[in-house]
Amino acid sequence: MRLVTVEQMKALERRADAAGHDYATMMERAGHAVASVVRERAPAGAAVLVLVGPGNNGGDGLVAARYLHGWGFRVSAYLWRRAASPSGEDPNLDIVKELDIPLVRAGEDPNQAQLVEWVRQADVVIDALLGTGVAGELRGGLPEMLQAVRTAASERRRPEPAAVRAPAAPRPSAEGPLRPLVVAVDVPSGLDSDSGAIDERALPADITVTLAYPKRGHYAFPGAGYVGELLVADIGIDPAFAEDLPADVTVADAAHVAALLPERPAASHKGTFGRALIVAGSTNYVGAACLAAEAAYRAGAGLVTLAVPEAIHPIVAAKVTEPTFLVLPHDMGALVPDALRVLMPRLGEYEALLVGPGLGRDPKTRDLVTELLARKARQRRAIGFMPGEARREEGSLPLPPTVIDADALNLLSEIDRWWEGLQGPAILTPHPGEMARLSTGRDSSPRLSTEEIQRDRIGVARDAARRWGQVVVLKGAYTVVAAPGGEVTVIPFANAALATAGTGDVLAGAIVALLAQGLAPRDAAVCGAYLHGLAAEMWSRHTARAGMLAGDLLPLLPKALEALR
25 MRLVTVEQMK ALERRADAAG HDYATMMERA GHAVASVVRE RAPAGAAVLV LVGPGNNGGD
85 GLVAARYLHG WGFRVSAYLW RRAASPSGED PNLDIVKELD IPLVRAGEDP NQAQLVEWVR
145 QADVVIDALL GTGVAGELRG GLPEMLQAVR TAASERRRPE PAAVRAPAAP RPSAEGPLRP
205 LVVAVDVPSG LDSDSGAIDE RALPADITVT LAYPKRGHYA FPGAGYVGEL LVADIGIDPA
265 FAEDLPADVT VADAAHVAAL LPERPAASHK GTFGRALIVA GSTNYVGAAC LAAEAAYRAG
325 AGLVTLAVPE AIHPIVAAKV TEPTFLVLPH DMGALVPDAL RVLMPRLGEY EALLVGPGLG
385 RDPKTRDLVT ELLARKARQR RAIGFMPGEA RREEGSLPLP PTVIDADALN LLSEIDRWWE
445 GLQGPAILTP HPGEMARLST GRDSSPRLST EEIQRDRIGV ARDAARRWGQ VVVLKGAYTV
505 VAAPGGEVTV IPFANAALAT AGTGDVLAGA IVALLAQGLA PRDAAVCGAY LHGLAAEMWS
565 RHTARAGMLA GDLLPLLPKA LEALR
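Laid out in structure tokens, this is it:
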């Protein structure tokens with residue numbers, strides 16, 4: 025599904041209006057969609073407070089108020105800067121008045137006493153104050169108004185309603201504060217729908233019902249932390265109107281990922297599903313190799329070979345028994361360039377290669393990594409093979425599609441203009457810290473900081489993919505997958521349970537498995553990241569929001585695959 029900018033959304037609405045699907049009809053459908061979500065999530069007859077602002081967002085809220093009133097909910101509306109239209113008409117407000125829905129304007133409630141009373145009574149608060157066209161610092165008395173809402177909500181205590189269905193998040197016990205469910209219309213008021221910037225005084229939502237298409241700011245922090253569960257409502261805009269808009273930024277969904285997954289024919293053997301070679305591990309990081317190898321198997325690879333230092337081979341082999349092994353030369357448990365003598369003759373046996381998990385950052389390992397992955401590095405050091413064999417021309421060794429992860433990225437970052445020597449195709453999987461080390465900045469500027477990267481994850485990942493000519497997976501909340509052609513896919517999972525050591529090794533193993541099964545690099549990256557996030561969601565949904573170990577993801581990868589299929 026597309027992620028649209030504010031200007032793109034305005035263009036779509038104008039096209040729909042010009043085609044006869046006017047703004048009033050779109051508002052009617054938007055308000056009905058918001059009201060339907062409240063009806064689904066709140067107990068019958070619940071008290072609903074609608075915070076109504078100026079413009080179309082407030083109009084959506086008034087339509088929702090009308091529908092909820094008709095369905096038997098106890099509705100009240102609090103108006104902030106809701107002036108009459110230029111024609112002197114506000115038909116949705118007139119209908120609310122005709123229905124005798126309790127209504128107060130903020131200017132008539134200077135001490136916010138009525139607002140506080142309604143919040144304390146409310147089961148649901150609908151934020152219809154500001155829409156996608158308004159961003160930046162909250163002003164005009166709005167910060168004080170929202171502070172009053174937050175304070176009144178936090179002070180309130182009442183019994184847990186018995187009829188709540190499918191809550192957006194776990195609710196507190198009856199003994200603790202139970203604040204109202206907050207539903208935002210399109211965006212939480214004050215969210216910059218393009219950048220994700222937000223005033224920290226904004227009202228966090230439990231559910232955001234966005235209209236027609238998700239916006240880029242819904243998936244960018246810090247604003248994404250205010251969105252809650254994101255639902256997309258159909259307001260009747262013909263999808264054909266979006267066909268000529270740039271489709272360069274999308275959000276992955278289950279149907280799209282399922283269509284990319286490799287087939288699993290019954291008449292298969294291990295060779296059907298590809299062979300993956302994983303170069304990983306060192307004395308200090310034994311577990312990374314094990315996690316990556318098992319993840320590759322769990323994601324469907326037919327055969328996985330672990331290439332590890334001889335010093336750790338007995339430990340790794342005791343932990344994971346399914347992989348085959350290439351035992352490599354080492355120095356004090358760190359891989360050395362002489363390992364190429366073992367690796368190079370075997371590369372042609374594999375459909376995909378993963379380099380990096382747990383390698384460590386020994387200078388000798390850096391030489392191995394750069395000579396394996398980068399033509400430029402090999403030009404500085406010719407590699408001999410067997411006695412009497414002619415030396416190969418630099419760059420003549422074909423690498424299978426390669427995932428470059430973890431310490432392999434850190435080691436490459438120590439080489440000036442490292443990307444110029446990479447053999448493709450490759451998938452690079454940095455977290456923000458690794459991306460900062462890899463990046464030399466735009467226009468030869470100083471390296472980007474992690475803060476700069478996090479402020480513009482989509483832009484940074486896209487620029488890096490174009491510059492390096494490879495697929496980039498910028499890990500983190502709402503992982504970004506960028507291709508060299510400029511296409512960007514956002515993975516719709518932000519799960520703090522993944523913030524633990526080893527989960528990146530599992531992700532790398534899943535991606536290399538999908539590469540081995542024949543997926544193109546971009547598709548393998550999107551599918552692997554989606555499966556990884558979905559597995560974590562499964563764990564959190566049934567266990568907890570903290571305490572997950574990287575190994576807990578492994579048995580859930582097949583379940584995630586099956587859920588998609």
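Read in this note's numbering, the sequence shown has 149 at position 125, and its numbers run on one by one without any break. The beta-carbon is built from N, C-alpha and C at its ideal position, and this holds for glycine as well. Since we're looking at a predicted model, the values are computed, not measured.
Does the Cβ-Cβ distance between residue i and residue j come in under 7 Å?
i: Asp272; j: Arg240; result: no
i: Asp223; j: Glu161; result: yes
i: Val351; j: Lys388; result: no
i: Gly14; j: Asp431; result: Here the chain comprises residues numbered 25 to 589, so residue 14 is not present and cannot be evaluated.
i: Gly305; j: Gly220; result: no
i: Pro270; j: Ala317; result: no
i: Val496; j: Leu452; result: yes
i: Val99; j: Val58; result: no
i: Arg365; j: Leu435; result: no
i: Ala537; j: Ala342; result: no
i: Pro204; j: Asp147; result: yes
i: Leu555; j: Leu578; result: no
i: Val207; j: Ile150; result: yes
i: Thr329; j: Leu301; result: yes
i: Gly533; j: Ala320; result: yes
i: Gly326; j: Ala358; result: no
i: Leu590; j: Cys551; result: Since the first residue of the chain shown is 25 and the last is 589, residue 590 is not available in this structure.
i: Gly79; j: Asn116; result: no
i: Ala61; j: Val209; result: The identity of residue 61 in the sequence shown is Val, whereas the question assumes Ala. Contact: no.
i: Pro167; j: Arg225; result: yes
Which two residues bound the contiguous alpha helix (DSSP H) that contains residue i?
i: Val211; result: Taken as a continuous stretch (DSSP letters only), Val211 belongs to no alpha helix (DSSP H), as it is neither H nor E.
i: Leu377; result: Element bounds for Leu377: not the alpha helix (DSSP H) but the beta strand (DSSP E), 376-379.
i: Glu31; result: 30-42
i: Thr474; result: 474-479
i: Ala257; result: From DSSP, Ala257 is part of no alpha helix (DSSP H) but of the beta strand (DSSP E) over 253-257.
i: Ile339; result: 337-343
i: Ala283; result: 278-284
i: Asp539; result: For the sequence presented, residue 539 should be read as Leu rather than Asp. Segment 527-540, the alpha helix (DSSP H) holding Leu539.
i: Val120; result: 115-122
i: Leu581; result: 580-588
i: Ala48; result: 47-65
i: Ser437; result: From DSSP, Ser437 is part of no alpha helix (DSSP H); its letter is neither H nor E.
i: Arg144; result: 137-145
i: Met169; result: 166-179
i: Gly557; result: 545-566
Measuring CA to CA, which of the options is closest to residue i?
i: Leu154; options: Arg365, Ala176, Asn81; result: Asn81
i: Gly96; options: Asn116, Gly557, Ala66; result: Ala66
i: Val512; options: Glu346, Leu327, Ala488; result: Ala488
i: Val229; options: Pro263, Val173, Leu284; result: Residue 229 is actually Ala in this sequence, not Val. Looking at the Cα atoms, Val173 is the closest of the given residues.
i: Ala590; options: Pro115, Glu113, Gly77; result: Any answer about residue 590 is impossible in this case: the structure gives the chain only from 25 up to 589.
i: Leu86; options: Arg53, Gly69, Ala70, Thr175; result: Arg53
i: Thr156; options: Glu168, Val128, Met33; result: Met33
i: Phe297; options: Ala540, Ala335, Glu179, Ala549; result: Ala540
i: Val28; options: Asp268, Met572, Ala518, Val427; result: Asp268
i: Val303; options: Asp529, Ile535, His455, Ala331; result: Ala331
i: Val340; options: Leu371, Asn308, Pro369, Asp355; result: Asn308
i: Gly164; options: Ala130, Arg144, Leu139, Gln145; result: Ala130
i: His455; options: Lys294, Ala501, Gly483, Arg491; result: Ala501
i: Leu397; options: Ala68, Glu113, Gly55, Glu444; result: Glu444
i: Leu558; options: Leu315, Asn519, Arg569; result: Asn519
Name the DSSP beta bridge partners of residue i, please?
i: Ser306; result: Tyr309
i: Asp151; result: Leu75, Ala208
i: Tyr102; result: Leu75, Val128
i: Leu352; result: Pro333
i: Leu446; result: Ala398
i: Leu498; result: Val504
i: Thr513; result: Thr274, Val505
i: Ala300; result: Val328, Ala376
i: Arg26; result: Thr274
i: Lys239; result: Val28
Can you tell me where the beta strand (DSSP E) with residue i in it begins and where it stops?
i: Val328; result: 327-333
i: Leu235; result: 231-235
i: Ala506; result: 504-506
i: Thr426; result: 426-428
i: Ala450; result: 450-452
i: Val360; result: Taken as a continuous stretch (DSSP letters only), Val360 belongs to no beta strand (DSSP E), as it is neither H nor E.
Using 8 Å as the threshold, is the stretch 229-248 in touch with the stretch 519-535, meaning 3 or more CB pairs across them? no
Pairing CB atoms from the stretch 89-108 with CB atoms from the stretch 118-129, are three or more of them under 8 Å? yes
Touching or not, the stretch 42-49 and the stretch 256-264, by the rule of three or more beta carbon pairs under 8 Å? yes
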